[in-house]
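J.: Have a look at this one.
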Amino acid sequence: MKKEAIKFTIINTSSDTKARYAKMETPHGVVETPMFMPVGTLATVKFLSPEELYTIGSQVILSNTYHCWLRPGHEIIKAAGGLHKFMNYNKPMLTDSGGFQVFSLAKIRDIKEEGVYFKNHLNGDALFLSPELSIQIQNDLGADIIMSFDECVPFPATYDYVKDSVERTLRWAKRGQEAHMRDDQALFGIVQGGKYSDLREYCAKELVKMNFPGYSIGGTSVGEDKPTMYQMVEDGIRYLPIDKPRYLMGVGTVDAIFAGVERGIDMFDCVLPTRIARHGTAMTSMGRINLRNKQYEADFTALDPACDCECCLKYTKAYLRHLIKCNEGLGMRLLSIHNLRFLLHLMEEIRTSIKEDRFLELKETYYKKLDLGKEKAY
RNA sequence: GCGAUGUUGGUGAAGUGGUUAACACGGUAGAUUGUGGUUCUAUUAUGCGUCGGUUCGACUCCGAUACGUCGCC
């Protein structure tokens, strides 16, 4: 029996929802869930140093197999002593398998049983990525949590297409599990199945038979509406073991995070806060603020008075607007710090609310404050 | 003073005797969900120096005038 890389312990469970507060021990320390994981695709959370990430309360960050494979190459990172040493980040890390990138970046791709043939997005070189290679690269990168190589099916997709895809993703999960060589890395399985409840159920149940140390819900946030997405989460989560972490991939809006936690999700990641930061949008306790808007030209007040981040404590909206309008890196950096801090703080509040068994109350407060609900997104 | 030439939006500028004046930048908004640091979408001149004329119709042709640029005395 393999030694488990992570140990997940539920501390409190919400009495009226499926939300839970837990601790997860990893080779690089203990983290608390539910949590939001900043995305650092190219072995960096764009613009932020590890120290800044610690300061804003980041626990786990993501990096990416596909991107690190292309640049600088997994051999380089392995030679550096792994991702942690390479980028000087000493908290837990997670790498995505590259499955999503094949879906999102490659214009030309050919999905076969053995893997995916595609042309890379940098120079068009013909490449081949398989479950075994993805795991091997992830073994070399050395993140605490690694992901199964899956197919993220487009939305919408026909039942027959999704069915075949799910079965292939399951075979790939098995192959990945067999290729996985390190017991200090936890390999998560990914539940796919599109919007089809029975396929989600089938996928979840089959993955559970393979006994992964954690599971994620994949294939959401690809164009479906909110109710559909929540249904997808429920359809998969229902069959997952209660005592293993659940990770909802690619989700990072406030409303979806509340909806996910309410349904028993422990981990989230999303590029949204950092991407919109680079384009001048801030997530604040008053809702989204687009700093490019003229109304902030001479607004010398703090971005979010309720926030304790460097950006909000030391700079004004007028200055941030100026930086963003001029395409200055400092503006992107400060807004990235802020948006991540906003979500990390939100997760802190969520964890506390679960501990104190008032999760729904917190959710109501946020929904009212941000005017969320139904189709209103944040 | 004489000759040549030019005057189109916030900017750089296309353009044709005939419905809505190209394009780019800038401006103003919006988007962004297992990363696009430089992305995408929408919108942005009721007007082509001014005044007359020719014409069914003129930013486009003609004349005058203002201003600019170059050359000559």
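Numbering (the numbering used here), first residue to last: 57 to 434. We put the CB at the ideal spot given by N, CA and C, even for glycine.
Given a threshold of 16 other Cβ atoms within 10 Å of its Cβ, counted over all protein chains shown, does LEU369 qualify as buried or as exposed?
T.: The residue is exposed, with fewer than 16 neighbouring Cβ atoms inside 10 Å.
J.: If you draw a straight line from the C-alpha of CYS124 to the C-alpha of ASP427, how long is it?
T.: Spanning the two alpha carbons is a distance of roughly 39 Å.
J.: Report, in whole angstroms, the separation of the C-beta atoms of PRO301 and ALA61, which I expect to be a contact under 8 Å.
T.: Actually they do not touch by this definition, with Cβ atoms about 12 Å apart.
J.: Cα separation between THR151 and ILE202?
T.: Distance between the alpha carbons of THR151 and ILE202: 5 Å.
J.: Does the segment 75 to 90 come into contact with the segment 409 to 416, if we say contact requires no fewer than three beta-carbon pairs (one atom in each stretch) closer than 8 Å?
T.: Verdict: yes, contact present.
J.: Between the Cα of ARG238 and the Cα atoms of ILE191, VAL222, LYS219, THR225, which residue gives the shortest distance?
T.: When only C-alpha atoms are compared, the closest one is ILE191.
J.: Roughly how many angstroms lie between the CA atoms of HIS236 and ASP206, to the nearest whole one?
T.: The straight-line gap from Cα to Cα measures roughly 15 Å.
J.: Going by the beta-carbon positions, is the gap between ILE273 and GLY292 smaller than 8 Å?
T.: Closer than 8 Å, so yes.
J.: Can you tell me the Cβ-Cβ gap for GLY275 and GLN241, rounded? I've got them flagged as a contact below 8 Å.
T.: That belief does not hold up - the Cβ atoms of GLY275 and GLN241 are roughly 23 Å apart, past 8 Å.
J.: Under the assumption that CYS259 contacts LEU226 (Cβ atoms under 8 Å), give the Cβ distance between them as a whole number of angstroms.
T.: The pair is a contact, with the Cβ atoms about 6 Å apart (cut-off 8 Å).
J.: Grab the span of the alpha helix (DSSP H) containing ASN346 for me, first residue to last.
T.: From DSSP, ASN346 is part of no alpha helix (DSSP H) but of the beta strand (DSSP E) over 343 to 346.
J.: What is the residue span of the alpha helix (DSSP H) that ILE410 lies within?
T.: Unbroken alpha helix (DSSP H) run through ILE410: 385 to 411.
J.: Kindly indicate which three-state DSSP category ARG319 falls into: helix, strand or coil?
T.: DSSP places ARG319 in coil when its eight states are reduced to three.
J.: Please state whether DSSP places ILE66 in a helix, a strand or coil.
T.: In the structure shown, ILE66 sits in a strand (DSSP, three-state: E or B).
J.: Helix, strand or coil: which one does DSSP assign to MET285?
T.: Residue state, collapsed to three classes: helix.
J.: When the distance is taken between beta carbons, is PRO94 closer than 8 Å to SER114?
T.: Cβ atoms of SER114 and PRO94: closer than 8 Å.
J.: Pick helix, strand or coil for ASP325, following the three-state DSSP scheme.
T.: ASP325 falls in the strand class under three-state DSSP.
J.: Which whole runs of the beta strand (DSSP E) in the segment 169 to 242 are 3 residues long or more, in chain order?
T.: Counting whole runs of 3 or more residues, the segment 169 to 242 contains the beta strand (DSSP E) stretches 172 to 175, 182 to 185, 201 to 203.
J.: State the Cα-Cα distance for the pair TYR371 and GLY387, rounded to the nearest angstrom.
T.: In a straight line, the C-alpha of TYR371 is about 10 Å away from that of GLY387.
J.: Would you check if there are 3 or more beta carbon pairs closer than 8 Å linking the segment 178 to 196 to the segment 117 to 133?
T.: Flag = yes, the segment 178 to 196 and the segment 117 to 133 touch.
J.: In its own chain, which residues sit with a C-beta less than 7 Å from the C-beta of LEU255, not counting the 5 before and 5 after it?
T.: Excluding residues within five positions, the ones whose Cβ falls inside 7 Å are VAL218, LYS219, VAL222, GLY249.
J.: Out of curiosity, what's the CA-to-CA distance linking LEU197 and GLY385?
T.: Whole-angstrom Cα-Cα distance: 28 Å.
J.: May I have the straight-line CA-CA distance separating GLY499 from LEU296, to the nearest angstrom?
T.: Nothing can be reported for residue 499, as the shown portion of the chain is limited to 57 through 434.
J.: Spatial neighbours of MET57 within its chain, please: CB distance less than 7 Å, with the 5 preceding and 5 following residues excluded, ordered by chain position.
T.: Residue confidence is low: MET57 scores 46 on pLDDT, short of 50, so the model does not pin down where it sits. Its coordinate-derived value is still stated next. If we look at MET57 and ignore the five residues flanking it on each side, it has no Cβ neighbours.
J.: Quick check on VAL15: does DSSP put it in helix, strand or coil?
T.: Outside the displayed span of the chain (57 to 434) sits residue 15, for which this structure offers no information.
J.: When you compare each of PHE159, THR100, GLY129 to VAL116 by their alpha carbons, which one comes out closest?
T.: Nearest C-alpha to VAL116: THR100.
J.: Among CYS365, CYS363, TYR375, THR340, which residue has its Cα nearest to the Cα of ALA354?
T.: Nearest option by C-alpha distance: TYR375.
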